[in-house]
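Everything below concerns the one structure shown next.
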Amino acid sequence: MPLRFHWSLSQAGDKSRGTRPRSEMSGLLDFEAQVDFCRAAAASGIESVLMAFGFYRPDPMILSTALAARTERIKFMVAVRPGVLSPTAFVQQVNTVSALTAGRICVNVVTGNSPQELHYYGIFLEHDQRYERADEFLAVCRAFWERGEAVSFSGKYYTIKDGKLNTPFVAGDRPAPEIFLGGNSEAAEQLAIRHAHCLWRFADTPANLRERVPPIIAKGVEVGLLVSILARPTREEALKDAYGMVETLSARPQRVGKEFAQKTDSVAYRATYELAEKSETDWLTPCLWAGAIPHLGSAAIALVGTPEEIASAIMDYKAAGISQFLFLSWPAFSRPDIEEVTYFGCEILPLIRQKEREADAAAYQVSPMGVI
Amino acid sequence: MTRDALDPPGASDPAAKPAKFHWRLPYGGETSGGTWAHKFSTEDGMPDLQAQTEFCRRAEACGIDSLLTDFGYGKPDPMLLAATLGRATEKIKFILAYRSGLFSPTMFVQQLNTLSALIQGRLSLNIVAGYSPQEQHAYGDFLSHDERYERTEEFLAICRALWKPDGEVNFKGKYYQIEKGALKSRFVSSERAWPEIFVGGGSAQAQRLALKQGDCWMRLPDAPEKMRESVAAVLTGGVEVGLRLAIIARPTRREALEAAYAMTEGRERDREFVRASVRNMDSISFKAMFELSEAGAEWLTPSLWTGAARAYGPAAIALLGGPEEIAEAILEYKRLGVTQFIISGWPKLEQMVYFGEAILPAIREKERAAV
Numbered sequence: 043m044p045l046r047f048h049w050s051l052s053q054a055g056d057k058s059r060g061t062r063p064r065s066e067m068s069g070l071l072d073f074e075a076q077v078d079f080c081r082a083a084a085a086s087g088i089e090s091v092l093m094a095f096g097f098y099r100p101d102p103m104i105l106s107t108a109l110a111a112r113t114e115r116i117k118f119m120v121a122v123r124p125g126v127l128s129p130t131a132f133v134q135q136v137n138t139v140s141a142l143t144a145g146r147i148c149v150n151v152v153t154g155n156s157p158q159e160l161h162y163y164g165i166f167l168e169h170d171q172r173y174e175r176a177d178e179f180l181a182v183c184r185a186f187w188e189r190g191e192a193v194s195f196s197g198k199y200y201t202i203k204d205g206k207l208n209t210p211f212v213a214g215d216r217p218a219p220e221i222f223l224g225g226n227s228e229a230a231e232q233l234a235i236r237h238a239h240c241l242w243r244f245a246d247t248p249a250n251l252r253e254r255v256p257p258i259i260a261k262g263v264e265v266g267l268l269v270s271i272l273a274r275p276t277r278e279e280a281l282k283d284a285y286g287m288v289e290t291l292s293a294r295p296q297r298v299g300k301e302f303a304q305k306t307d308s309v310a311y312r313a314t315y316e317l318a319e320k321s322e323t324d325w326l327t328p329c330l331w332a333g334a335i336p337h338l339g340s341a342a343i344a345l346v347g348t349p350e351e352i353a354s355a356i357m358d359y360k361a362a363g364i365s366q367f368l369f370l371s372w373p374a375f376s377r378p379d380i381e382e383v384t385y386f387g388c389e390i391l392p393l394i395r396q397k398e399r400e401a402d403a404a405a406y407q408v409s410p411m412g413v414i
Numbered sequence: 070m071t072r073d074a075l076d077p078p079g080a081s082d083p084a085a086k087p088a089k090f091h092w093r094l095p096y097g098g099e100t101s102g103g104t105w106a107h108k109f110s111t112e113d114g115m116p117d118l119q120a121q122t123e124f125c126r127r128a129e130a131c132g133i134d135s136l137l138t139d140f141g142y143g144k145p146d147p148m149l150l151a152a153t154l155g156r157a158t159e160k161i162k163f164i165l166a167y168r169s170g171l172f173s174p175t176m177f178v179q180q181l182n183t184l185s186a187l188i189q190g191r192l193s194l195n196i197v198a199g200y201s202p203q204e205q206h207a208y209g210d211f212l213s214h215d216e217r218y219e220r221t222e223e224f225l226a227i228c229r230a231l232w233k234p235d236g237e238v239n240f241k242g243k244y245y246q247i248e249k250g251a252l253k254s255r256f257v258s259s260e261r262a263w264p265e266i267f268v269g270g271g272s273a274q275a276q277r278l279a280l281k282q283g284d285c286w287m288r289l290p291d292a293p294e295k296m297r298e299s300v301a302a303v304l305t306g307g308v309e310v311g312l313r314l315a316i317i318a319r320p321t322r323r324e325a326l327e328a329a330y331a332m333t334e335g336r337e338r339d340r341e342f343v344r345a346s347v348r349n350m351d352s353i354s355f356k357a358m359f360e361l362s363e364a365g366a367e368w369l370t371p372s373l374w375t376g377a378a379r380a381y382g383p384a385a386i387a388l389l390g391g392p393e394e395i396a397e398a399i400l401e402y403k404r405l406g407v408t409q410f411i412i413s414g415w416p417k418l419e420q421m422v423y424f425g426e427a428i429l430p431a432i433r434e435k436e437r438a439a440v
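Top line first, the protein sequences correspond to chains P and S.
Under this note's numbering, think of the first position of the first sequence as 43, with each following residue one higher.
Under this note's numbering, think of the first position of the second sequence as 70, with each following residue one higher.
Shown next as structure tokens:
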């Protein structure tokens, strides 16, 4: 299967993303810049844009609906935190978006990574209880999407009696939205296996992933990588931009990444942060760079290099079982998201497709001998 | 939590301001008939963007202020529908109907604030505590009528605190706990710092809730003299009063009566459906209204008719007659202090257009004459 690619819309148009503490970020929109980004992403082979959830952001469901009215192809991967709304109301919203956008919505379930922020929303559960509740939440949602009998559910966190919705999930190709789920903990893995189509992980070395990915795939769940990207025509330019970014960030008093890592109860955020801390160099592989993590947090683990280097690195991940990628870019330091995504579409994606064709051809030749 | 400095000065003389007229937005599958039994079909669950956008534009042209966008399990989500319709229109506002208990108040405010930025603040809220326990159960809500009001009060108190210009929100109630709540997205509007809040419901709890947390108390109409006391009490509290009603207007009273009887004739199946639905409700005013119409008290005044409620549900209590008669009836409510009206009519589009052409000018004329 060809690899699938997604990109974080995040605050496209907000040049300060990731450079300031979250409490100082603006919730305001640059709607036109986001429309432009969505169109450029679709033209660059990106299937969907991640619409993140957080108190410092606009609401992803509403924003997706408005962006969809101005775009034609791009899908919206809408983040949801179980616990901030009734599962019935959530399914009603997802189905409404699907009906308004010809099915251009998928769901990214996040259980929350900052206890403080969860308190803003009235959520006071511990890490493992949040996963327990997410399990019930998704069970209810999926029952609605099965569209059989009225939905009744009796659990520890939710009780639903004779639930019905008249707005169906509308998409040409599927009866329910694709469900993505982020997390590195055992609880996240189990939850993904029960309910999701794809589990997001922060990037790690292919060697580490080769151990952890196959057991998940064996349970019928895809594994995707969440990774930042900085691609330039030459390695020198890529390194110059990467190191230049760290230099700019070092001049700032605040270590957003470090502070966040101390407060979070997310296993994924802490694990990636520690991976970066323990490593003797900033380079976990020749292409996988952890140098920005102390400044920007775990999601700043990045593929850095030339199109050829990054395409090869992506193929190594594919060989380790990874089938989808969710990219973030750094508009504040190097170049706007829209340029990074366009560069990916023009220079990197064709190389990947070429390598995939070659790999398929090779597999076809050896498979009759039972090598695969 | 008490009312605070965010509140506008109370409407000192409600009769001096022009009344505001809102209309109910028809749902995708609603034909001109639009009975309750039909409302629960899957066609209604699907938005019909072409027809609904057209309805919004016609409403703008008719002098309608806002369109009521219902909430219920039979329909698409109101604010997502408004996000799409609002970006295709310029003036019309949306009164989004919601209930407490479905969302975290913080998340709810975040959604509304985001929507406000996308449609220039053209939204207000119609908060109801819910009228059907069965429907609440479908959303995972198992509280009783009175508890739902208690929770709605906490819900609105938190929402209003989040709409204050700055500062963090801390709240510890029976139903919600919020610690250092903050949102970066603000309510964006050139007119207000938070959306206008309509609180619907005829019970004493609803009235109290409107006084504590609302901008306008919405109720079903009754004969004006029977409403005088409750309207005055709410106005004294600095809160507006609005009516949720229908109109059956035709060029002459006789034509209106014929239309009304034609509309309700042979609707036995719908009547059974409404009867069963109302039996399962715990809304005090809906039940009372319905019982009046079932008991044969069809005419509460010469122009206020409950007959349609039996086939179309309690909100179908209607002012019936020619344009002059309906304009005069509305003015009579206005003289009591009622300043807002949310209306439905049949056929849906034609009746709104007729209201804009024939009735609204008569109302404005009378309003000018009264000043």
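Heads up, the beta-carbon is just placed ideally off N, CA and C, and yes, glycines get one too.
query, result
"At what residue ranges does the region 388–432 of chain S contain a whole run of the beta strand (DSSP E), taking only runs of 3 or more?", "407–414"
"Listing by chain order, which chain P residues have their CB less than 8 Å from the CB of Gln180 of chain S?", "Asp101, Met103 and Ile104"
"Strictly below 9 Å CB to CB, what residues from chain S border Lys360 of chain P?", "The premise fails here: Lys360 of chain P is roughly 36 Å from chain S at the closest Cβ pair, so nothing lies under 9 Å."
"With distances taken between CB atoms, is the gap from Ala131 of chain P to Leu171 of chain S smaller than 8 Å?", "yes"
"Run down chain P in chain order and give the residues with a C-beta less than 7 Å from the C-beta of Arg261 of chain S.", "Those do not exist, as Arg261 of chain S stays about 18 Å from chain P at its closest Cβ, beyond 7 Å."
"Return no unless some Cβ of chain B is closer than 8 Å to the Cβ of Lys203 of chain P.", "You won't find chain B in this structure, because its protein chains are P and S."
"Going by Cα to Cα distance, which pick from P:Leu92, P:Leu167 and P:Gly87 is closest to Leu370 of chain P?", "P:Leu92"
"Suppose contacts are defined by Cβ-Cβ distances below 8 Å. Is Pro349 of chain P in contact with Glu389 of chain P by that definition?", "yes"
"Kindly say whether Gln134 of chain P, judged by its beta-carbon, lies nearer than 8 Å to any beta-carbon of chain S.", "yes"
"If contact is defined by three or more beta carbon pairs under 8 Å, each pair taking one atom from either stretch, is the region 370–379 of chain S in contact with the region 288–301 of chain S?", "yes"
"So Gln246 of chain S contacts chain P; which residues on that side make the cut at Cβ distance below 7 Å?", "Gly164 and Phe166"
"Is any beta-carbon of chain P found at less than 8 Å from that of Tyr208 of chain S?", "yes"
"Within the same chain, show all residues whose beta-carbon is closer than 8 Å to that of Val212 of chain P, passing over the 5 residues directly before and after it, in chain order.", "Asn137, Ser140, Ala141, Ala144 and Gly145"
"Is His169 of chain P close to chain S? Criterion is C-beta to C-beta, closer than 8 Å.", "no"
"What span of residues does the alpha helix (DSSP H) with Gln135 of chain P cover, start to end?", "Pro129 to Thr143"
"For Thr107 of chain P, go through chain S and note every residue whose CB falls closer than 8 Å to its CB, in chain order.", "Leu149, Ala152 and Thr153"
"Taking buried to mean at least 16 other C-beta atoms within 10 Å of its own C-beta, is Met176 of chain S buried or exposed?", "buried"
"Is there a C-beta anywhere in chain P that falls below 8 Å from the one on Leu171 of chain S?", "yes"
"Under 8 Å, do Pro100 of chain P and Val120 of chain P count as touching if we go by C-beta distance?", "no"
"I think Leu187 of chain S touches Ile258 of chain P, with their Cβ atoms under 8 Å apart; what is that distance to the nearest whole Å?", "Not confirmed; about 38 Å, so no contact."
"Output needed for Gly214 of chain P: all residues of its chain with C-beta closer than 8 Å, excluding positions within five of it in sequence on either side, in chain order.", "Ala144 and Gly145"
"Does any residue of chain P have a CB that is nearer than 8 Å to the CB of Asp146 of chain S?", "yes"
"Could you spell out where the beta strand (DSSP E) holding Tyr167 of chain S opens and where it closes?", "Lys162 to Arg168"
"Terminal residues of the continuous beta strand (DSSP E) containing Asn150 of chain P?", "Ile147 to Val151"
"Compare the C-beta of Ala260 of chain P against all C-beta atoms of chain S and say whether one is closer than 8 Å.", "no"
"Under 8 Å, Cβ to Cβ, is there at least one residue of chain P near Met176 of chain S?", "yes"
"Report yes or no: do three or more beta-carbon pairs, one from the region 234–242 of chain P and one from the region 324–344 of chain P, lie closer than 8 Å?", "no"
"Which class does Gln189 of chain S belong to by DSSP, given the choice of helix, strand or coil?", "coil"
"Using a cut-off of 7 Å between C-beta atoms, extract the partners of Lys206 of chain P located in chain S.", "Tyr142 and Ala207"
"Examine the Cβ distances between the region 159–167 of chain P and the region 125–141 of chain S and report whether three or more of them are shorter than 8 Å.", "no"
"Residue range of the beta strand (DSSP E) that Ser135 of chain S falls in?", "Ser135 to Thr138"
"Would you list the residues sitting across from Gln274 of chain S in a DSSP beta bridge?", "Gln274 of chain S is not bridged to any residue."
"From Lys108 of chain S to Gly205 of chain P, what distance separates their C-alpha atoms?", "At Lys108 of chain S, the pLDDT of 48 sits below 50, so the modelled position is not reliable; the number obtained from the coordinates is stated separately. Cα to Cα, Lys108 of chain S sits roughly 16 Å from Gly205 of chain P."
"Is Ile386 of chain S helix, strand or coil by DSSP?", "coil"
"Quick one, which residues of the region 225–259 of chain S are near chain P if we go by CB-CB under 9 Å, in chain order?", "Ile227, Glu237, Val238, Phe240, Tyr245, Gln246, Ile247, Glu248, Lys249, Gly250, Ala251, Leu252, Lys253, Ser254, Arg255 and Val257"
"I'd like to confirm the pairing. Which residues does DSSP put opposite Asn195 of chain S in its beta bridges?", "S:Ala166 and S:Phe267"
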